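K.L.:
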Amino acid sequence: MKKLSILITFLVLVTCVIVNAGKSISLDFNERESYIIALYKGDRVYFEFDNDVHSVILDDIKDNRIELDIFLYQDTKFNKHPPQYAFLDIYRTLKIDTNKDLTYDFEIKMDSFDEKKAILTFTKTNEKKEGFFTEIDYDTNKNNGYDWKTVGIPLIVIVALVIVLLVFLNNYLRKRKGIYY
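According to our numbering, the sequence shown is numbered sequentially starting from 3.
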């Protein structure tokens, strides 16, 4: 009986596996615009946007900031995106443009943190990126008031005049070499 109890204890200890993996939290931005979530190291937040799954993992908690691993477009078969690594503190907001359309789709803000957890706010936004050239008028060849003719035509005329001047100078110098006094 003693051998049987030792064998059962041994099997229980061998088959018990301790996993310190973080938990996965699903967000549905069709249901709510914003979520406030407490994340521990290793926790994952995932959400669906643009017919694909995107994940944000709390990788590390430092003294004054946290490190996030961001995985965009995980279900795409042929266009795998490498992870993006971002640091976030309580003074800055992380804005994500998932589909590269010059519009921020999501925003992550850290409200507070300690050595074990960080409290983050995930918000769906539709904010245009500032400082980017976004509107092009293809019908009139004008880009936000810029007309290519104002610089292009004078530049062509100047280049043509320089070429003509170089040809005349070259011919003049060749004729000059043949003259002896």
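All C-beta atoms, glycine included, are put in the ideal place defined by N, C-alpha and C. Here the structure is a predicted model, which means the values were calculated and not measured.
So what does DSSP say about T152, is it helix, strand or coil?
P.N.:
Locating residue 152 in the sequence shown gives position 150, where the first residue counts as 1. Three-state result, T152: helix.
K.L.:
I believe I72 touches Q86 by the beta-carbon criterion, under 8 angstroms. Please report the beta-carbon distance rounded to the nearest angstrom.
P.N.:
Working through the sequence shown from its first residue, we reach residue 72 at position 70. Working through the sequence shown from its first residue, we reach residue 86 at position 84. Contact holds; Cβ gap of about 4 angstroms.
K.L.:
Between the C-alpha atoms of V159 and I165, what's the straight-line distance to the nearest angstrom?
P.N.:
As a first step, residue 159 must be located in the sequence shown, where it is residue number 157. As a first step, residue 165 must be located in the sequence shown, where it is residue number 163. Approximately 10 angstroms between the Cα atoms of the pair.
K.L.:
State yes or no: is the beta carbon of I39 nearer than 8 angstroms to at least one beta carbon in chain D?
P.N.:
In the displayed structure, chain D is absent; only one protein chain is listed.
K.L.:
Would I8 and T123 qualify as a contact pair, given that the criterion is a beta-carbon distance under 8 angstroms?
P.N.:
Your numbering for residue 8 matches position 6 in the sequence shown. Your numbering for residue 123 matches position 121 in the sequence shown. Not in contact: I8 and T123 (Cβ atoms no closer than 8 angstroms).
K.L.:
Leaving aside the five residues before and after D45 along the sequence, list all residues of the same chain whose C-beta is less than 6 angstroms from its C-beta, in chain order.
P.N.:
The residue you call residue 45 lines up with position 43 of the sequence shown. The residues are G24, K25, L60.
K.L.:
Evaluate L163 with the Cβ neighbour count: other Cβ atoms within 10 Å of its Cβ, from every protein chain shown; 16 or more gives buried, anything less gives exposed.
P.N.:
As a position in the sequence shown, residue 163 is number 161, starting the count at 1. Classification of L163: exposed, given that the 10 Å Cβ count is below 16.
K.L.:
Could you tell me which residues DSSP puts in a beta bridge with S36?
P.N.:
Taking the sequence shown and counting its residues from 1, the one referred to as residue 36 is at position 34. For S36, which the question treats as bridged, DSSP gives the partners T125.
K.L.:
For K126 versus D107, is the C-beta spacing smaller than 8 angstroms?
P.N.:
By 1-based counting over the sequence shown, the position of residue 126 is 124. By 1-based counting over the sequence shown, the position of residue 107 is 105. Yes. Within cutoff.
K.L.:
Expressed to the nearest angstrom, what Euclidean distance is found between the alpha-carbon atoms of S57 and I10?
P.N.:
Within the sequence shown, residue 57 is the residue found at index 55, counting from 1. Within the sequence shown, residue 10 is the residue found at index 8, counting from 1. Approximately 41 angstroms, taken between the alpha carbons.
K.L.:
Just how far apart, CA to CA, sit D103 and D113?
P.N.:
Residue 103 sits at position 101 when you count from the first residue of the sequence shown. Residue 113 sits at position 111 when you count from the first residue of the sequence shown. Straight-line Cα distance between these residues: approximately 28 angstroms.
K.L.:
Give the DSSP bridge partners of F31, in chain order.
P.N.:
Position 29 of the sequence shown holds residue 31. Per DSSP, none; premise fails for F31.
K.L.:
Between the beta-carbon of I110 and the beta-carbon of L90, is there less than 8 angstroms?
P.N.:
Locating residue 110 in the sequence shown gives position 108, counting from the first residue. Locating residue 90 in the sequence shown gives position 88, counting from the first residue. Going by C-beta atoms, I110 is nearer than 8 angstroms to L90.
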